[in-house]
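Remarks on the structure that follows.
Protein chains in written order, with my numbering: chain A, 302 to 534; chain B, 211 to 482.
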């Protein structure tokens, strides 16, 4: 979270360390300048910042979805080389910005990650899926319901449930609450908070609303390519 | 080989009369096709004439090196044509096409000529050239369709591929569905052809053999081998091309291609 990587030396088994990250976007803007994220669970971290400041690029860089230069990716004592990106992503999973879905049923959409070769032994539990769907007010849909007709907000909630079921030690979420009415957004935010506490896990969200930043354990602001602690904390 | 009626130059001149019929229709209806028809007919005559002479020479000389050289030439032209026909292209497509066609035609061609038909000597141009030619021509079709479908998938389903990657999919897993659809598309024409073979159309090779005096049963036997051969080469070629294209276009970072206007793509490193 700070620019200086030497200040934090993660020791516990699920400490998250990623950086330093440098990224110049295709338009030539230097969006991230030597940014390092180092967080210990339980931790709910909210990142905000002006639009175009590189918040999405930061999350994508952490997951290796752009060509940013990333020094070290580490969880606890395990370091992940660029070749190990698929393994890293089973541990550090990003919920993409516009909550894409696969064609198929809700069950397909929630269970597909469990079929991947690199799945570290996690098992899809339909009962838990139903409970989570209920909490995000999607319980009117059966698991075999096709996802074609889902609205934007519904897809975001489905993506959230997918992420929570997958249960990685580090969950990244790029505007996971967009398109949700305030009460529902708060409920979903509580879910993320619980997830961080109960794991204990690390959750990093890019969110705009200040009210969420205030409820976070750590609130950061990305500006001019660097991360700062947000003022209101 | 059995008896067949040899065509003379005079017979060919008579056949030109058929083109005259087509031209007259074009003139009468003002189709504006007379010129292109004349050019096409001339090209057809010259090209086939040249091939006839070249093949005649190759048959006469009957040298394995010459046969191999001619096969290499056909292979090169076929892979170029496959790329030319593809709706969208990417950097490295030429090499991928050549590699696919080489591997596919060698595997299937050798199996058919050496194991099934048992051509002796192994390079006998009378068998080797037409059979490889048919593999080239048909796998070209298959891999073209497959590639178009695969690139279309990558273009339109980029978000889904990324979604899979986000949850730890290997890049093979992330594009598996696309590759499946692409190979399926590459296989459809030969499946259709096999389904209607003999009912809706008499396949060209079979017709040729019957005219040349082969017994219809033998002609059918050959045609069956050829159809199965094409099915195998389409399946193999489609799968290989999709795999090679995926290697180039999809990395751990996601889909590495930039979508340009009117369907042109170029592989590129950066993604926002």
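All C-beta atoms, glycine included, are put in the ideal place defined by N, C-alpha and C. Since the structure is predicted, the reported quantities are computational estimates derived from the model, not experimental observations.
Short of 7 Å in beta carbon distance, which residues of its chain neighbour residue i, apart from the five on each side in sequence? Order them along the chain.
i: residue 386 (chain A); result: 365
i: residue 534 (chain A); result: Any reading at residue 534 (chain A) must be qualified, since the residue scores a pLDDT of 45, below 50, and its modelled position is unreliable; the value itself is stated next. The answer, listed in chain order, is 520.
i: residue 461 (chain B); result: 381
i: residue 388 (chain B); result: 360, 363, 364, 367
At the level of alpha carbons, what is the spacing between residue i and residue j?
i: residue 242 (chain B); j: residue 350 (chain B); result: 32 Å
i: residue 414 (chain A); j: residue 378 (chain B); result: 7 Å
i: residue 472 (chain B); j: residue 297 (chain B); result: The pLDDT assigned to residue 472 (chain B) is 38, lower than 50, so where the model puts this residue is not dependable; a value taken from the coordinates is nonetheless given after this. When rounded, the distance between both Cα atoms is 9 Å.
i: residue 453 (chain B); j: residue 301 (chain B); result: 15 Å
i: residue 361 (chain B); j: residue 354 (chain B); result: 11 Å
i: residue 408 (chain A); j: residue 424 (chain A); result: 13 Å
i: residue 474 (chain B); j: residue 396 (chain B); result: With a pLDDT of only 43 at residue 474 (chain B), under 50, the local geometry of the prediction cannot be trusted, and no value is derived from it.
i: residue 433 (chain A); j: residue 392 (chain A); result: 21 Å
i: residue 337 (chain A); j: residue 399 (chain A); result: 25 Å
i: residue 285 (chain B); j: residue 263 (chain B); result: 19 Å
i: residue 346 (chain A); j: residue 485 (chain A); result: 20 Å
i: residue 389 (chain A); j: residue 385 (chain B); result: 19 Å
i: residue 216 (chain B); j: residue 222 (chain B); result: 11 Å
i: residue 321 (chain B); j: residue 292 (chain B); result: 23 Å
i: residue 444 (chain B); j: residue 319 (chain B); result: 12 Å
i: residue 506 (chain A); j: residue 491 (chain A); result: 13 Å
i: residue 480 (chain B); j: residue 371 (chain A); result: Note that residue 480 (chain B) scores a pLDDT of 35, beneath 50, so its modelled location is shaky; the value from the coordinates is reported in the next line. Straight-line Cα distance between these residues: approximately 15 Å.
i: residue 316 (chain A); j: residue 383 (chain A); result: 19 Å
i: residue 267 (chain B); j: residue 335 (chain B); result: 11 Å
i: residue 459 (chain A); j: residue 480 (chain A); result: 13 Å
i: residue 237 (chain B); j: residue 254 (chain B); result: 21 Å
Which same chain residues end up closer than 6 Å to residue i when comparing Cβ atoms and leaving out the 5 residues on each side of it in sequence?
i: residue 307 (chain A); result: Note on residue 307 (chain A): pLDDT 45, under 50, position unreliable in the model; no value is reported.
i: residue 369 (chain A); result: 322, 324, 362
i: residue 530 (chain A); result: none
i: residue 437 (chain B); result: 404
Have a look at the DSSP bridge pairing and note the partners of residue i.
i: residue 411 (chain B); result: B:407
i: residue 371 (chain A); result: A:322
i: residue 555 (chain A); result: Absent from the model: residue 555 (chain A). The displayed extent of chain A is 302 to 534, so no value can be given.
i: residue 340 (chain A); result: A:317
i: residue 522 (chain A); result: A:349, A:529
i: residue 464 (chain B); result: B:461
i: residue 475 (chain A); result: A:507
i: residue 235 (chain B); result: DSSP output for residue 235 (chain B) lists no bridge partner at all.
i: residue 380 (chain A); result: A:375
i: residue 252 (chain B); result: Residue 252 (chain B) is not bridged to any residue.
i: residue 395 (chain A); result: A:473
State the CB to CB distance for the pair residue i and residue j, rounded to an integer number of angstroms; the pair is presumed to be in contact (CB under 8 Å).
i: residue 448 (chain A); j: residue 406 (chain A); result: 7 Å
i: residue 391 (chain B); j: residue 415 (chain B); result: Not really, about 30 Å apart at Cβ, beyond 8 Å.
i: residue 451 (chain B); j: residue 356 (chain B); result: 6 Å
i: residue 260 (chain B); j: residue 347 (chain B); result: That belief does not hold up - the Cβ atoms of residue 260 (chain B) and residue 347 (chain B) are roughly 17 Å apart, past 8 Å.
i: residue 314 (chain B); j: residue 447 (chain B); result: 4 Å
i: residue 518 (chain A); j: residue 360 (chain A); result: Contact flag wrong, Cβ pair sits at about 18 Å.
i: residue 337 (chain B); j: residue 317 (chain B); result: Not a contact, Cβ separation roughly 17 Å.
i: residue 332 (chain A); j: residue 314 (chain A); result: Rounded, the Cβ-Cβ distance is 32 Å, inconsistent with contact.
i: residue 343 (chain B); j: residue 400 (chain B); result: Actually they do not touch by this definition, with Cβ atoms about 16 Å apart.
i: residue 233 (chain B); j: residue 248 (chain B); result: 7 Å
i: residue 498 (chain A); j: residue 343 (chain A); result: 5 Å
i: residue 429 (chain A); j: residue 466 (chain A); result: 6 Å
i: residue 429 (chain B); j: residue 420 (chain B); result: 5 Å
Between the options, which lies nearest to residue i when the distance is taken from Cα to Cα?
i: residue 367 (chain B); options: A:403, A:440, A:471; result: A:403
i: residue 340 (chain A); options: A:326, A:329, A:319, A:359; result: A:319
i: residue 354 (chain A); options: A:517, A:508, A:513; result: A:508
i: residue 462 (chain A); options: A:426, A:484, A:382; result: A:426
i: residue 375 (chain A); options: A:516, A:470, A:525; result: A:470
i: residue 416 (chain A); options: B:407, B:374, B:334; result: B:374
i: residue 383 (chain B); options: B:457, B:295, B:406; result: B:457
i: residue 275 (chain B); options: B:406, B:332, B:295; result: B:332
Once the 5 residues before and after residue i are set aside, which same chain residues still bring their CB inside 8 Å of it?
i: residue 455 (chain B); result: 300, 303, 306, 357, 360, 361
i: residue 351 (chain A); result: 524
i: residue 211 (chain B); result: For residue 211 (chain B), the pLDDT reaches just 47, beneath the cut-off of 50, and the residue's location in the model is therefore unreliable, leaving the point undetermined.
i: residue 305 (chain A); result: Confidence is the limiting factor: at residue 305 (chain A) the pLDDT is only 47, short of 50, which leaves the residue's position unreliable and the question unanswerable from this model.
i: residue 380 (chain A); result: 373, 374
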